[in-house]
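Residue numbers (the working numbering), protein chains in the order written: chain A, 526 to 612; chain B, 526 to 612. Backbone N, C-alpha and C define an ideal beta-carbon position, used for all residues, glycine too.
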């Protein structure tokens, strides 16, 4: 998998997480605290700079009280898959 | 997050992935090849022994041509969240 698509996938997750956090009126500080992350680390996840692990995705989901399925956009997935298969 | 719940979360993902693979009539060898993983590594993911990264979850989703949201069971998530909050 090339770097371009990796970055896009990480950004996609970060964008979804950020949207959910803002919809719930939560600050990064608060979510980071609930997850047990440094705020800078949490911020870098929202910015799509990290290849976050399953367990850390769950920590965020628990902190936001939102199922992980809502972190992934199925329409965007189809576009990624198409792009991926074209390579 | 304690070890018990970590293991349960990893197992939950592995179980979902395995079910989708079997429903599609695919062998572990084939999915591992598509992902670029050794078969033993792929098998350990299905067994829930790995804290797999976002990018590797995507590789599996692309290999199975199935959106990531289908890897996570929302009902089970609620149970995990309840268990997690009890701790």
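Here residue 603/A is exposed. Its C-beta has fewer than 16 other C-beta atoms within 10 Å. Straight through space, the alpha carbons of residue 566/B and residue 562/A are spaced by roughly 28 Å. For residue 567/B, no chain A residue has a Cβ inside 7 Å of its Cβ, as the nearest lies near 15 Å away.
Here residue 581/A is buried. Its C-beta has 16 or more other C-beta atoms within 10 Å. Listed along chain B is no residue with a C-beta nearer than 8 Å to that of residue 559/A; the closest approach is about 11 Å. Non-local C-beta neighbours of residue 560/B in its own chain, meaning closer than 7 Å and more than five positions away in sequence, comprise 567, 584, 585, 588, ordered along the chain. Counting C-beta pairs closer than 8 Å gives three or more between the region 569-578 of chain B and the region 535-542 of chain B, which meets the contact rule.
Interface annotation, residue 553/B: not in contact with chain A, CB-CB separation never under 8 Å. Interface flag for residue 607/B against chain A is unset, since no Cβ pair is found closer than 8 Å. Going by C-alpha positions, residue 553/A is about 8 Å away from residue 546/A.
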